[in-house]
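Inspection log for the structure reproduced underneath, given as structure tokens.
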Amino acid sequence: MNDELGMRRRIRRRDFLDGIALTAGAALSSHLLGAFETEHIPETSPDYYPPVLTGLRGSHEGAFEVAHQVRDDKFWNQASTPADTSETCDLVVVGGGISGLAAAHFFRKAVGAKARILILDNHDDFGGHAKRNEFHQTGRMLLGYGGTFSIESPAPYSAVAKGLIRELGIDVEALQPALNRKLYGSQGMHPAVFFDKETFGADCLVPDPRRSVGGEEGQSTPGGDAWQEFMKSAPLTEAAKRDLRGIYETQTDYLPGLSSAEKKAKLARMSYARFLTDVAGADPQVVAYFQARPHPLFGLGIDAVSAQDAWGLGLPGFDGMKLEPGPGPGMNRDCIPNEEAEKYFFHFPDGNASIARLLVRKLIPHAIPGHSLKDLPTAKAHYARLDDGHSHVRIRLNSTVVRVAHEGDPQNAKQVEIVYVKGGKLFRVRAGQCVLACWNMMIPYICTELPARQRDALAKEAKVPIVYTNVVLRNWTSWKKLRVSSVYAPGGYHTHVNLDLTVDLGHYHSSRVPEEPIVVHMMRTPCKPGLPSYDQHRAGRSELFQTSFETFERNIRDQLSRILSSGGFDPARDIAAITVNRWPHGYAYEYNSLFDKFWLEGGEIPCEVARQPFGRLAIANADAGAYAYTDGAIDQAWRAIHELTA
Ligand SMILES: Cc1cc2nc3c(=O)[nH]c(=O)nc-3n(C[C@H](O)[C@H](O)[C@H](O)COP(=O)(O)OP(=O)(O)OC[C@H]3O[C@@H](n4cnc5c(N)ncnc54)[C@H](O)[C@@H]3O)c2cc1C
Numbered sequence: 236m237n238d239e240l241g242m243r244r245r246i247r248r249r250d251f252l253d254g255i256a257l258t259a260g261a262a263l264s265s266h267l268l269g270a271f272e273t274e275h276i277p278e279t280s281p282d283y284y285p286p287v288l289t290g291l292r293g294s295h296e297g298a299f300e301v302a303h304q305v306r307d308d309k310f311w312n313q314a315s316t317p318a319d320t321s322e323t324c325d326l327v328v329v330g331g332g333i334s335g336l337a338a339a340h341f342f343r344k345a346v347g348a349k350a351r352i353l354i355l356d357n358h359d360d361f362g363g364h365a366k367r368n369e370f371h372q373t374g375r376m377l378l379g380y381g382g383t384f385s386i387e388s389p390a391p392y393s394a395v396a397k398g399l400i401r402e403l404g405i406d407v408e409a410l411q412p413a414l415n416r417k418l419y420g421s422q423g424m425h426p427a428v429f430f431d432k433e434t435f436g437a438d439c440l441v442p443d444p445r446r447s448v449g450g451e452e453g454q455s456t457p458g459g460d461a462w463q464e465f466m467k468s469a470p471l472t473e474a475a476k477r478d479l480r481g482i483y484e485t486q487t488d489y490l491p492g493l494s495s496a497e498k499k500a501k502l503a504r505m506s507y508a509r510f511l512t513d514v515a516g517a518d519p520q521v522v523a524y525f526q527a528r529p530h531p532l533f534g535l536g537i538d539a540v541s542a543q544d545a546w547g548l549g550l551p552g553f554d555g556m557k558l559e560p561g562p563g564p565g566m567n568r569d570c571i572p573n574e575e576a577e578k579y580f581f582h583f584p585d586g587n588a589s590i591a592r593l594l595v596r597k598l599i600p601h602a603i604p605g606h607s608l609k610d611l612p613t614a615k616a617h618y619a620r621l622d623d624g625h626s627h628v629r630i631r632l633n634s635t636v637v638r639v640a641h642e643g644d645p646q647n648a649k650q651v652e653i654v655y656v657k658g659g660k661l662f663r664v665r666a667g668q669c670v671l672a673c674w675n676m677m678i679p680y681i682c683t684e685l686p687a688r689q690r691d692a693l694a695k696e697a698k699v700p701i702v703y704t705n706v707v708l709r710n711w712t713s714w715k716k717l718r719v720s721s722v723y724a725p726g727g728y729h730t731h732v733n734l735d736l737t738v739d740l741g742h743y744h745s746s747r748v749p750e751e752p753i754v755v756h757m758m759r760t761p762c763k764p765g766l767p768s769y770d771q772h773r774a775g776r777s778e779l780f781q782t783s784f785e786t787f788e789r790n791i792r793d794q795l796s797r798i799l800s801s802g803g804f805d806p807a808r809d810i811a812a813i814t815v816n817r818w819p820h821g822y823a824y825e826y827n828s829l830f831d832k833f834w835l836e837g838g839e840i841p842c843e844v845a846r847q848p849f850g851r852l853a854i855a856n857a858d859a860g861a862y863a864y865t866d867g868a869i870d871q872a873w874r875a876i877h878e879l880t881a
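The following block contains the structure:
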């Protein structure tokens, strides 16, 4: 079986050890030594280029061990005195994601271009979740997104966020012709559903009756032909098929006699799964069918998403319920439709890594050559220039911050001391001010001087685990033969699988004909249905940290083979490269009416308590707004800088 799947075939990931470049070497020493030695700076090597690393990426090995030691109280008892780098900055930013990079940009605007800024990040690449996956297949560059996919948001971008996007040279409207959302449809290819034998009794690929998902154009409600094909082939019981179609077509008011507001209040307190079975009386197979539909937004299935949110997301069953437009109390922000927000969409070939790259180009122009969006996709970042002593702004990678503390009484101190680990060694820098643009739940461990109430609130913002896998296929002829462009797999290891969204920008061109190589994107959220949301995420995080690349690889090969082999796909022959972007700490947690009482009934909002400024410290990052979007990360950066500089 291993041979058939191609487990022993040479693919590029085996040039690396679970995503760690051999040149990036420097294993963590258990004994933390002293002095800063240039030979321990892997980024200065000419071979250092993390975007091309394959295997396990995202939270890659080497990025999280120190942080986990600090969390587990196992760090300081073996740490030596930090070596002083003798650097004193105006601002240190902890975290080099879009929020941290935007904070550096806003700080310069506020205090001047000569401000000395140091950005520290624990990963081997900048951008946080905005990571670029770069592949080279038969002489051609193929780009994928390792995390954030697109400029989009359920609510309109604020004036601040729109302003920054414009300053970076991105004109969302003018860029629309670069996207081709009709390529696959024009070739007779459509979204499909894959039923797996473990969940539904048989492996079966069936056209998705909705025909429109994932940015491709089409119809969003099932039409007659689509239903006929679906009904003929789906391995569901007759009762389940009847109920499924019934849910889409029903005009029943399941809560008669209640006002719209009363209905919303009830729907906000029950899961969509319960709505389907207990209220609409649907067959349990209908629940299994819809189970993973909200995974891409919530990292949770319909057992943990409220029926009110399901209504907002456009899931079926509500047409006859006479619900007035507009959100009811407790509605998740992802589920509130907004026309203006829907139009503000753009996908770069490497996702929002392009936004991170544009920010870096603005902060350290010589690190990313070029001047326009056209030269951006193919521009190669010079990592050795990120942390250059001649630059006012420096980005120091592979650096985990372990302590942030005022020098003296926080209200009167003149400086903040920041201690970080790089290459197994401990270093200290000083700064006039510091922005914590890292993950909220890390802050209480590194900044123990914060008030206890704030530390508790920070600890509550634990993130949503999610995996974005990119697989390079030598061609997509099997997809074409099966007339499939994307797959929803409700019981699959990855629940969503799709061919890359076509975008041509500057010298970069997406795959256009089936004989060309392409990036296939696969998404997995390791949730545990039945548990409260926080517990599902905790269990998922733990699962991700324990899953080896080999397990991911076997599942990927097996899943693609089962979906596509009737179209001639051979995993051993057709897979050229695999990158698993594993994000145990993925989306910022967004509040959920089923589990967060304050969100439904009013009360203190944890992220607002958590993000209070403290002395010379301010808190940015998407968690600070409990909002998992780029505009949120930018808005929080702006607020944090405003707090420090107003
Ligand atoms: C898989 C995925 C897909 C997404 N898709 C989209 C999308 O399509 N559109 C969208 O708008 N948003 C999307 N998001 C949300 C995305 O998280 C935000 O848009 C935004 O990129 C978050 O930026 P940030 O700077 O707040 O956080 P991050 O990008 O997480 O950056 C924070 C950085 O701080 C670092 N850090 C943490 N602790 C320390 C420490 N102690 N020392 C040093 N560094 C530290 C982290 O490792 C990280 O690199 C997605 C997120 C994920 C995970």
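Numbers given in the numbering used here equal positions in the sequence shown, counted from 1, plus 235.
Think of the CB as a built atom: it goes at the ideal place given N, C-alpha and C, for glycine as much as any other residue.
- Query: Can you tell which of Val699, Phe341 and Leu593 has the C-alpha that lies nearest to the C-alpha of lysine 366?
  - Reply: Translated into positions along the sequence shown, residue 366 becomes position 131. Of the candidates Val699, Phe341 and Leu593, the one whose C-alpha sits nearest the C-alpha of lysine 366 is Leu593.
- Task: Look up phenylalanine 580 in the DSSP assignment and give the residues it is bridged to.
- Result: Position 345 of the sequence shown, counted from the first residue, corresponds to residue 580. According to DSSP, phenylalanine 580 bridges with nothing at all.
- Item | For alanine 774 and aspartate 623, the rounded distance between their alpha carbons | Sequence index remark: in the sequence shown, residue 623 carries index 388 (1-based). Sequence index remark: in the sequence shown, residue 774 carries index 539 (1-based). Using only the alpha carbons, I get a separation of about 41 Å.
- What's the call for tryptophan 311, buried or exposed, on a 16-neighbour Cβ count within 10 Å? Taking the sequence shown and counting its residues from 1, one reaches residue 311 at position 76. With fewer than 16 Cβ atoms within 10 Å of its Cβ, tryptophan 311 is classed as exposed.
- Less than 7 Å between the CB of methionine 677 and some heavy atom of ligand 1, yes or no? For the purposes of this step, residue 677 is taken as the residue at position 442 of the sequence shown. Checking the Cβ of methionine 677 against ligand 1 gives yes.
- Quick one: give me the first and last residue of the beta strand (DSSP E) that serine 321 is part of. The residue given as residue 321 occupies position 86 in the sequence shown. Unbroken beta strand (DSSP E) run through serine 321: 318-329.
- Item | Counterpart residues of alanine 853 in DSSP-defined beta bridges | Indexing the sequence shown from 1 puts residue 853 at position 618. Alanine 853 is bridged to Val670.
- Beta carbon of arginine 665 nearer than 8 Å to that of valine 656: Position 430 of the sequence shown, counted from the first residue, corresponds to residue 665. Position 421 of the sequence shown, counted from the first residue, corresponds to residue 656. Their beta carbons are not under 8 Å apart, which means arginine 665 does not touch valine 656 by this criterion.
- Message: I need the boundaries of the beta strand (DSSP E) containing isoleucine 753, first residue and last residue.
- Response: Here residue 753 corresponds to residue number 518 of the sequence shown, with the count starting at 1. Note, isoleucine 753: beta strand (DSSP E), 753-759.
- Message: Short of 6 Å in beta carbon distance, which residues of its chain neighbour valine 732, apart from the five on each side in sequence? Order them along the chain.
- Response: As a first step, residue 732 is located in the sequence shown; it is residue number 497 there, counting from the start. Beyond the five residues adjoining it in sequence on each side, valine 732 comes within less than 6 Å, by CB distance, of Val722 and Met757 in the same chain, given in chain order.
- Query: Between the beta-carbon of isoleucine 718 and the beta-carbon of methionine 424, is there less than 8 Å?
  - Reply: Stepping through the sequence shown from its first residue, residue 718 is reached at position 483. Stepping through the sequence shown from its first residue, residue 424 is reached at position 189. It is arginine, not isoleucine, that sits at residue 718 in the sequence shown. Cβ atoms of arginine 718 and methionine 424: closer than 8 Å.
- Using only alpha-carbon positions, find the residue among Leu740, Arg817 and Glu278 that is nearest to glutamine 781. Taking the sequence shown and counting its residues from 1, the one referred to as residue 781 is at position 546. Nearest C-alpha to glutamine 781: Arg817.
- Message: Using a Cβ-Cβ cutoff of less than 7 Å, which residues in the same chain neighbour proline 752 once the five nearest sequence positions on both sides are dropped?
- Response: Indexing the sequence shown from 1 puts residue 752 at position 517. Closer than 7 Å at the Cβ level, and outside the excluded window around proline 752, lie Gln372, Thr373, Arg375, Leu377, Val707, Leu708, Arg709, Asn710, Ser746 and Ala811.
- Query: Would you call the CB atoms of alanine 863 and tyrosine 822 closer than 8 Å?
  - Reply: Mapped onto the sequence shown, residue 863 falls at position 628. Mapped onto the sequence shown, residue 822 falls at position 587. Yes, Cβ-Cβ distance for alanine 863 and tyrosine 822 is below 8 Å.
- Could you say which of Ser494, Ser495 and Pro519 lies nearest to threonine 883 if we only look at CA atoms? The requested residue 883 does not occur in the structure, where the chain is confined to residues 236 to 881.
- Message: On a Cα-Cα basis, can you pick out the residue from Leu829, Pro286 and His617 that is closest to serine 280?
- Response: In the sequence shown, residue 280 corresponds to position 45, counting from 1. The candidate whose alpha carbon is nearest that of serine 280 is His617.
- Message: As a quick exercise: from Glu750, Leu410 and Lys698, pick the residue whose alpha carbon is nearest that of leucine 583.
- Response: In the sequence shown, the residue the question calls residue 583 occupies position 348. A small correction: the amino acid at residue 583 is phenylalanine; leucine does not occupy that position in the sequence shown. Considering only alpha carbons, the answer is Leu410.
- Any idea which residues DSSP pairs serine 721 with across the strands? Translated into the one-based positions of the sequence shown, residue 721 becomes position 486. DSSP lists Pro426 and Asn733 as partners of serine 721.
- Message: Using CA atoms only, rank isn't needed, just tell me which of Ala437, Val327 and Val748 is closest to leucine 879.
- Response: As a position in the sequence shown, residue 879 is number 644, starting the count at 1. Residue Val327 is the option with its Cα nearest to leucine 879.
- Closer than 7 Å by C-beta to aspartate 805: which residues in its own chain qualify, once you throw out the five before and the five after it? Chain order, please. Taking the sequence shown and counting its residues from 1, one reaches residue 805 at position 570. Nothing meets the Cβ criterion.
- Straight-line CA distance for alanine 390 to serine 495? Counting from 1 along the sequence shown, the entry for residue 390 is found at position 155. Counting from 1 along the sequence shown, the entry for residue 495 is found at position 260. For alanine 390 and serine 495, the distance between alpha carbons rounds to 23 Å.
- May I ask which residues mark the beginning and end of the alpha helix (DSSP H) holding isoleucine 678? The residue labelled residue 678 in the question sits at position 443 within the sequence shown. 678-681 is the extent of the alpha helix (DSSP H) around isoleucine 678.
- Query: Is any heavy atom in ligand 1 found nearer than 7 Å to the beta carbon of aspartate 359?
  - Reply: In the sequence shown, residue 359 corresponds to position 124, counting from 1. No, the Cβ of aspartate 359 stays beyond 7 Å of every heavy atom of ligand 1.
- To the nearest angstrom, report how far apart arginine 528 and arginine 445 are at their CA atoms. In the sequence shown, counting from the first residue as 1, residue 528 sits at position 293. In the sequence shown, counting from the first residue as 1, residue 445 sits at position 210. Distance between the alpha carbons of arginine 528 and arginine 445 is about 12 Å.
- Beta-carbon separation (whole angstroms), isoleucine 883 vs valine 395, contact threshold 8 Å: Here the chain covers residues 236 to 881 and nothing more, so residue 883 does not appear.
- Below 7 Å CB to CB, which residues in the same chain sit around aspartate 793 once its five sequence neighbours on both sides are set aside? Here residue 793 refers to the residue found at position 558 when the sequence shown is read from its first residue. So the list reads Leu240, once near-sequence residues are dropped.
- Query: Taking contact to mean at least 3 C-beta pairs separated by less than 8 Å, is the region 639-654 in contact with the region 673-689?
  - Reply: Taking a contact to require three or more Cβ pairs closer than 8 Å, the region 639-654 and the region 673-689 qualify as touching.
- Sub-8 Å separation of alanine 855 and glycine 347 beta-carbons: Within the sequence shown, residue 855 is the residue found at index 620, counting from 1. Within the sequence shown, residue 347 is the residue found at index 112, counting from 1. Their beta carbons are not under 8 Å apart, which means alanine 855 does not touch glycine 347 by this criterion.
- Task: Write down the C-beta distance between leucine 632 and phenylalanine 429 rounded to the nearest angstrom, noting that I regard them as a contact closer than 8 Å.
- Result: Translated into positions along the sequence shown, residue 632 becomes position 397. Translated into positions along the sequence shown, residue 429 becomes position 194. So it is not a contact: roughly 39 Å between Cβ atoms.
- Task: From the DSSP output, in three-state form, read off histidine 606 for me.
- Result: Position 371 of the sequence shown, counted from the start, is the residue given in the question as residue 606. Judged by DSSP in its simplified three-state form, histidine 606 adopts coil rather than helix or strand.
- Task: Report all residues from its chain with a CB closer than 7 Å to the CB of proline 442; omit the five preceding and five following residues, and keep chain order.
- Result: Here residue 442 corresponds to residue number 207 of the sequence shown, with the count starting at 1. In chain order, His425, Ala427, Ala461, Glu464 and Phe465 place their CB closer than 7 Å to the CB of proline 442, counting only its own chain and leaving out the 5 sequence neighbours on each side.
- Query: Roughly how many angstroms lie between the CA atoms of leucine 886 and tyrosine 824, to the nearest whole one?
  - Reply: Nothing about residue 886 can be reported from this structure: the residues present for the chain run from 236 to 881 only.
- Contained beta strand (DSSP E) runs [length at least 3] in the region 547-578, N- to C-terminal order: none
- Task: Tell me whether isoleucine 333 counts as near ligand 1, meaning its Cβ is closer than 7 Å to at least one heavy atom of that ligand.
- Result: Looking up residue 333 in the sequence shown gives position 98. Yes, ligand 1 has a heavy atom inside 7 Å of this Cβ.
- Task: Kindly provide the ranges of any alpha helix (DSSP H) runs that are 4 or more residues long and lie completely inside the region 756-804, ordered along the chain.
- Result: 768-781 and 784-799
- Message: By alpha-carbon positions, which one of Arg874, Ala503 and Pro564 ends up nearest to glycine 838?
- Response: Your numbering for residue 838 matches position 603 in the sequence shown. Checked all of Arg874, Ala503 and Pro564; the closest Cα to glycine 838 is Pro564.
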